[in-house]
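Taking it in order: structure first as C-alpha cells, then the write-up.
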Amino acid sequence: MLIPEGNRGDGSRRTRGSINHAVSISIPLTLPRPFMRLSRPTNTLARSGIDPARPRRPGRIARRVTATAPGFTPLAEERASWSGIYFLTPIDAGLSAYDIAIPTPSGPAPAWRIDGSDSQSTRWAIHIHGLGSPRAGTLRGVRVTTELGYTSLVVSYRNDGEGPRRGTGRSTLGATEVDDVDAAIRYAINQGARQVVLFGWSMGAQVALQLAAGPRYRRLIAGLVLESPVLDWVATIKANCARAGLPAAAGLLALPWLISPLLARAVGLPGSIPLGDLNWISRAQELAVPTLICHGADDDSAPPAVSRRLAALRPDLVHLEVFDADHTMTWNSDQERWRSTVAAWLIAEVTN
Numbered sequence: 449m450l451i452p453e454g455n456r457g458d459g460s461r462r463t464r465g466s467i468n469h470a471v472s473i474s475i476p477l478t479l480p481r482p483f484m485r486l487s488r489p490t491n492t493l494a495r496s497g498i499d500p501a502r503p504r505r506p507g508r509i510a511r512r513v514t515a516t517a518p519g520f521t522p523l524a525e526e527r528a529s530w531s532g533i534y535f536l537t538p539i540d541a542g543l544s545a546y547d548i549a550i551p552t553p554s555g556p557a558p559a560w561r562i563d564g565s566d567s568q569s570t571r572w573a574i575h576i577h578g579l580g581s582p583r584a585g586t587l588r589g590v591r592v593t594t595e596l597g598y599t600s601l602v603v604s605y606r607n608d609g610e611g612p613r614r615g616t617g618r619s620t621l622g623a624t625e626v627d628d629v630d631a632a633i634r635y636a637i638n639q640g641a642r643q644v645v646l647f648g649w650s651m652g653a654q655v656a657l658q659l660a661a662g663p664r665y666r667r668l669i670a671g672l673v674l675e676s677p678v679l680d681w682v683a684t685i686k687a688n689c690a691r692a693g694l695p696a697a698a699g700l701l702a703l704p705w706l707i708s709p710l711l712a713r714a715v716g717l718p719g720s721i722p723l724g725d726l727n728w729i730s731r732a733q734e735l736a737v738p739t740l741i742c743h744g745a746d747d748d749s750a751p752p753a754v755s756r757r758l759a760a761l762r763p764d765l766v767h768l769e770v771f772d773a774d775h776t777m778t779w780n781s782d783q784e785r786w787r788s789t790v791a792a793w794l795i796a797e798v799t800n
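Taking this note's numbering, the leading residue of the sequence shown gets 449, the next gets one more, and so forth.
Set out below in C-alpha cells:
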C-alpha cells in the first residue's frame, strides 16, 4: 500500500509516490515489487495495478489504480510512501477467521482466530505486529501457518490503535505490551494449544523474545519467527535518526526521556522503559528456542547488522535469511521464497 507522507509506521518504505489523478499513481522506476498497496491513516486500501506502465517523466512511470476499499478515493496531488501491509482483512488474504476478544490486563483485546487445515492440531501460532502497524500486517505470515495446520491468533495489544487504551495511549516499546500477548498465550493454552510458535514483526519481535526467554512457557514455546526484528532499541533509534537526515548520535538525546522515570512520565509514559532488558545482543545467551530471522538488507529502520550479530552469537539457535528488501518487506520482495523458507524451517525445527 501507499501511506501518506509522514505517517510511516513500521511497515512502509521510503520510496515516495504521488497521485496524479484519481485513477493513477506516479512512482519511481526503481520500485521493485508488485505486492504493494495504497492507503490513508485509516488503513483503507487501493491496489496498484500491474498493467503496462506508462512513462510519466524521466525516471518515473505511472500505474493504474485498479481497485479501492469502500470509502477510499485517492486524491490528486496527494503524496504517499509505499507500505508492505498487503492484506486488510483475513478474507482479503483468503483466510476464514473468527473475531474474538482476548481478556488482557488492559481490557478486552480484539484478535482474529484462524483455524488451520488440521482441525485436530495442538500447534498454534501467535502473530504479533509492530509499532505503528495494524495487526493486519501480520496476515502475510498467517497463510503459511494455516497451510501447515496451525491455529493462528492475530492479536492486538494496549495502545496500538485497535487494542484497549491504557494511560496516555503511548507505546512502551514492548516492555508492557508483552503482558497483553502473554494473555493471548494463556487463551491458546485454554483452547488446547500444546505447542506455540511466536511470529514477531518489528517491535513484535521484542514481545516474542521476552515471552520465550521467561521460564513460564519454556516447554510450550517451540520457536520464533522474527520479521525485521527490533533487537536493540538504541541501534534502532540511531538508525531512524539517520534515516530522517539527522546525525545518528542525535538519538542519544532521546534516551534520557525513555530511561529516566521522571522524564518518562513527563512525556506521557507510565514509567521508565528498561532499554537494557530489551537489548537482545547483550541477552543473547538467554535465547532458548530455535529462531528464524527474516531481514531486509535495505532496512534503514531496524539495522540488519544487529540481526547478523545475534546470528553470529547464537549459531546454535538462530538462522538468518537476508532478503533484498526494506523494513518488514521481505515477504513483499519475494513472496514464494518467504513462504518456502518459513514453511521449511517450521517443518524442520518444530514439526520434526
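Idealized CB from N, CA, C, for every residue including glycine.
Query                                                                                                        : Result
E610 and V655 closer than 8 angstroms at C-beta                                                              : no
Three-pair Cβ contact test at 8 angstroms for the region 616-624 versus the region 557-574                   : no
Beta strand (DSSP E) runs contained entirely in the region 658-732, provided each spans 3 or more residues   : 669-675
Reduced DSSP secondary structure (H/G/I, E/B, other) of P556                                                 : strand
Cβ shell of P704 (< 6 angstroms), same chain only, five flanking positions each side left out                : L711
Residue nearest to R691 in terms of C-alpha spacing, selected from I637, L740, S749                          : S749
L672 classed as buried or exposed, judged by whether at least 16 other C-beta atoms fall within 10 angstroms : buried
At least three beta-carbon pairs within less than 8 angstroms, the region 776-792 to the region 538-555      : no
R581 and L679 closer than 8 angstroms at C-beta                                                              : Reading the sequence as shown, one finds Ser at residue 581 and not Arg. Going by C-beta atoms, S581 is not nearer than 8 angstroms to L679.
Closest by C-alpha distance to T586, when choosing among A632, L674, P663                                    : L674
Own chain residues within Cβ distance below 6 angstroms of L657, not counting five before or after           : W728
Residue span of the alpha helix (DSSP H) that contains E415, given as start and end                          : One cannot answer for residue 415 here, as it falls past the ends of the chain, which runs 449 to 800.
Which listed residue (L761, P722, G617, I741) has its alpha carbon closest to that of P709                   : P722
Any non-hydrogen atom of the ligand SAM closer than 7 angstroms to Q733 Cβ                                   : The ligand SAM is absent from the structure shown, which contains no ligands of any kind.
CB contact flag (G589, T776, <8 angstroms)                                                                   : no
Opening and closing residue of the alpha helix (DSSP H) in which R787 lies                                   : 783-794
CA-to-CA distance, G719 to V790, given in whole angstroms                                                    : 37 angstroms
Contacting residues, own chain, Cβ-Cβ under 7 angstroms from L758 (five flanking each side not counted)      : L679, W728, I729, A732, V766
T593 - containing alpha helix (DSSP H), residue span                                                         : 587-595
Of the residues A549, A670, N638, the one placed nearest L646, counting alpha carbons only                   : A670
6 angstroms Cβ shell around T739 - same chain, five flanking residues per side excluded                      : L672, L765, V766
Nearest to T552 (by Cα), restricted to the options R634, L794, H575                                          : R634
Separation of Q639 from W649, as counted between CA atoms                                                    : 24 angstroms
Cβ-Cβ separation, A660 to V737 (assumed contact under 8 angstroms), whole Å                                  : 5 angstroms
A631 versus I550: straight-line alpha-carbon distance, rounded                                               : 7 angstroms
L700 versus V603 - alpha carbon distance                                                                     : 32 angstroms
CA nearest to the CA of E734, picked from R666, P558, L794                                                   : R666
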